[in-house]
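Some notes on the structure that comes next.
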Amino acid sequence: MTAADRLVHLLARLGVRRNEWRVRPGLYRLGEAGPDSPVFASANYRLSFDALRGALEGMDAFILVLDTRGINVWCAAGKGTFGTDELVARIEKTGLAEVVTHRTVIAPQLCATGVAAHEVRRRSGFRVKFGPVRAEDIPRFMAGGRAAQEMRRVSFDLKDRAVLIPVEAKTALPFVAGASAAAYAAGEPVGAAGIAAASLAGFVAFPLLLPWLPGEDFSAKGLLLGSIAGLGAAAAGLARDDGTSLPSRAVKAASYALALPPITAFLGLNFTGCTTFTSPSGVRREINRYVRPMAGMAGAGLLLNLAQRVVLGLKGGRDGQE
Amino acid sequence: MARSRTNTLEYNPALCNRCGMCGVVCPHGVFVPGDDAARLVDRDACMECGACSLNCEAGAIKVESDVGCASAMIMAALTRRGAPAPCCG
Chain G
1 MTAADRLVHL
11 LARLGVRRNE
21 WRVRPGLYRL
31 GEAGPDSPVF
41 ASANYRLSFD
51 ALRGALEGMD
61 AFILVLDTRG
71 INVWCAAGKG
81 TFGTDELVAR
91 IEKTGLAEVV
101 THRTVIAPQL
111 CATGVAAHEV
121 RRRSGFRVKF
131 GPVRAEDIPR
141 FMAGGRAAQE
151 MRRVSFDLKD
161 RAVLIPVEAK
171 TALPFVAGAS
181 AAAYAAGEPV
191 GAAGIAAASL
201 AGFVAFPLLL
211 PWLPGEDFSA
221 KGLLLGSIAG
231 LGAAAAGLAR
241 DDGTSLPSRA
251 VKAASYALAL
261 PPITAFLGLN
271 FTGCTTFTSP
281 SGVRREINRY
291 VRPMAGMAGA
301 GLLLNLAQRV
311 VLGLKGGRDG
321 QE
Chain U
1001 MARSRTNTLE
1011 YNPALCNRCG
1021 MCGVVCPHGV
1031 FVPGDDAARL
1041 VDRDACMECG
1051 ACSLNCEAGA
1061 IKVESDVGCA
1071 SAMIMAALTR
1081 RGAPAPCCG
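Top to bottom, those sequences are chains G and U. Just so we're aligned, residue 1 is where the first sequence starts under my numbering, counting upward by one. Just so we're aligned, residue 1001 is where the second sequence starts under my numbering, counting upward by one.
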């Protein structure tokens, strides 16, 4: 992989000019591939295709690129675009049966969410052999003829989580920047910094620290992490002498402590969609359990903050008249 | 690694034809091959991706699989539409 490839990969992750990174669906010939060479199926997402291409370097093989609308293997399989119909159609369209003499297509394991191997065989005559989860394991898979246990498992290690930070940041930044700027414009520098801190906690610290944050539920983990930002902002608000009384500052501090943690918690809840292990039922349960309390906390914090400002304004008005 | 715990996985070993596909396709080792039928060894690890049930020709495995994307589900709940629309890459 060259530096240019890596730049393309980052842009592809960010969805920048997404459609230009699509690989054209069809049959690709690597090396001196002939009628006996293995056939590997892939998505037409640039990162998927490059991972496979890289793993097959030096091998004589065919790559059958499916039209997954530029989406990666697992997500496309979940949505059915990397599915039985498309695989069967692509085998027919490319005339694969005339190109190779064998009748086996090696498909990435994670496409099994969309590809029913027995259906493909019945409809196309091709046997689907599910390869390893990760393309990098293909050389070992080919040497051994089968995938070892560890090649069949998805992981979600630090590196897997770190590459998602720019993706999460891209989604969250417009909202975060807007909220933070609005708070600053409303004369809330501490609140603005708190919003920024709670958001960074949500889309940088949360993915990195995920396995070590206590608790099972992502929202609870996020509330805990966000509390650090909330309490930090509260302490800063209390300590900062802005000419108001201590009780008044305490109310403001409480508003930070209430309003900020839900920001991190919401970003944490959203991160469930990026993991390799959360179930839709589990996410639904978390939504039912946490979204209302989270909205309640944020709303209460916001109201408290507004109330403090109104009281301060009324007082200021009265003081001015005296 | 955190587990999903809540899931809709149902398995009827009486229908199993021991093809072994569930053990092959599951990314979390929920099923392993057994002598008479595949064994469900780690139910809590199931993330409802649906690969096992789709590839179970015998129809022994049922699971309600869906796109597990929180933002899509929240949008679906807010707009009171049924199924979440696919959104991400």
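Note that the Cβ used here is the ideal one computed from N, Cα and C, for glycine as well. Being a predicted model, the structure only gives us computed values, none of them experimental.
- Bounding residues of the beta strand (DSSP E) (the contiguous stretch that carries S323 (chain G)): Look at the range of chain G in this structure, 1 to 322, and you will see that residue 323 (chain G) is not part of it.
- At which residue ranges does the region 271-307 of chain G contain complete beta strand (DSSP E) runs of 3 or more residues, listed in the order of the chain? none
- When DSSP labels each residue in this structure, what does S1071 (chain U) get in the three-state scheme? helix
- Look at the Cβ atom of A1051 (chain U), then the Cβ atom of A51 (chain G), and state whether they are nearer than 8 Å. no
- Task: Would you check if the distance between the CB atom of L87 (chain G) and the CB atom of A41 (chain G) is smaller than 8 Å?
- Result: yes
- Going straight from the alpha carbon of V115 (chain G) to that of I106 (chain G), what length do you get? 12 Å
- Query: Given a threshold of 16 other Cβ atoms within 10 Å of its Cβ, counted over all protein chains shown, does T1079 (chain U) qualify as buried or as exposed?
  - Reply: Answer is exposed; the Cβ neighbour count stays below 16.
- Message: Is the separation between the beta-carbon of L304 (chain G) and that of S245 (chain G) shorter than 8 Å?
- Response: No, Cβ-Cβ distance for L304 (chain G) and S245 (chain G) is not below 8 Å.
- Message: Residues of the region 1026-1040 of chain U in Cβ contact with chain G at a cutoff of 9 Å, in chain order, please.
- Response: Under the 9 Å Cβ criterion, the region 1026-1040 of chain U contributes C1026, P1027, H1028, G1029.
- Message: Which of the three DSSP states is assigned to E216 (chain G) in this structure?
- Response: If DSSP states are grouped into helix, strand and coil, E216 (chain G) belongs with coil.
- Query: Contact between the region 1039-1050 of chain U and the region 1008-1027 of chain U: three or more CB pairs below 8 Å?
  - Reply: yes
- Message: Against chain U, does G58 (chain G) count as a neighbour if the rule is that its beta carbon must be under 8 Å from one of theirs?
- Response: No, G58 (chain G) lies away from the interface with chain U (no Cβ there is under 8 Å from its Cβ).
- Message: Using C-beta distances below 8 Å, list every residue in its chain close to D67 (chain G), excluding the 5 sequence neighbours before and after it, in chain order.
- Response: P25, N44, T81, E86, R90
- Query: Which residue's Cα is closest to the Cα of T101 (chain G): G:S37, G:L231, G:A198, G:G131?
  - Reply: G:S37
- Item | L27 (chain G) in three-state terms, based on DSSP | L27 (chain G) carries a strand assignment under DSSP once its states are collapsed to helix, strand and coil.
- Query: When we look at the beta-carbon of M1073 (chain U) and count the other beta-carbons within 10 Å, is it buried (16 or more) or exposed?
  - Reply: By the neighbour-count rule (16 or more Cβ atoms within 10 Å), M1073 (chain U) is buried.
- Query: Nearest chain U C-beta to G237 (chain G) closer than 8 Å, yes or no?
  - Reply: no
- Item | CB of A356 (chain G) within 8 Å of CB of L225 (chain G), strictly | For residue 356 (chain G) there is no data in the structure shown, the boundaries of chain G being 1 and 322.
- Item | DSSP three-state assignment for F156 (chain G), whether helix, strand or coil | It is coil, neither helix nor strand.
- Item | Close beta carbons around V1041 (chain U), own chain, < 6 Å, minus the five adjacent residues each side | V1032
- Query: Exposed or buried, what is G191 (chain G) when buried is set at 16 or more other beta-carbons lying within 10 Å of its beta-carbon?
  - Reply: With 16 or more other Cβ atoms inside 10 Å of its own Cβ, G191 (chain G) counts as buried.
- Item | 8 Å contact criterion, which G282 (chain G) and T1006 (chain U) should meet: CB distance rounded | 4 Å
- Task: Give the secondary structure of A1014 (chain U) by DSSP, where H, G and I count as helix, E and B as strand, and everything else as coil.
- Result: The answer is helix: DSSP assigns A1014 (chain U) an H, G or I state.
- Going by other Cβ atoms of all chains shown within 10 Å of its Cβ, with 16 needed for buried, is T84 (chain G) buried or exposed? buried
- Message: Considering only their Cβ atoms, is the gap separating P166 (chain G) from R13 (chain G) smaller than 8 Å?
- Response: yes
- Message: At a CB distance below 8 Å, what residues from the region 114-143 of chain G approach chain U? Give them in sequence order.
- Response: Of all residues in the region 114-143 of chain G, G114, V115, A116, A117, H118, F130, V133 have a Cβ within less than 8 Å of some Cβ in chain U.
- Query: Does the separation of the CB atoms of P108 (chain G) and R161 (chain G) fall below 8 Å?
  - Reply: no
- Option nearest I71 (chain G) by Cα separation, candidates G:L314, G:R22, G:F271, G:I138: G:R22
- Message: Quick check on R152 (chain G): buried or exposed, where buried means 16 or more other Cβ atoms within 10 Å of its Cβ?
- Response: buried
- Message: Any beta carbon of chain U sitting closer than 8 Å to that of T264 (chain G)?
- Response: Output row for T264 (chain G): interface = no.
- Query: Between A61 (chain G) and L30 (chain G), which are expected to be in contact by the criterion C-beta below 8 Å, what is the C-beta distance as a whole number of angstroms?
  - Reply: 5 Å
- If the cut is a Cβ gap below 9 Å, which residues of chain G does D1042 (chain U) touch? Result: empty, since nearest Cβ-Cβ is about 11 Å, beyond 9 Å.
- Query: Which residues of chain G have a Cβ atom closer than 7 Å to the Cβ of G1050 (chain U), listed in chain order?
  - Reply: T113
- Determine which residues share a DSSP beta bridge with F130 (chain G) and list them. G:A107
- Query: Does P38 (chain G) have its Cβ less than 8 Å from a Cβ in chain U?
  - Reply: no
- Message: If you reduce the DSSP assignment to three classes, tell me which class A41 (chain G) lands in.
- Response: strand
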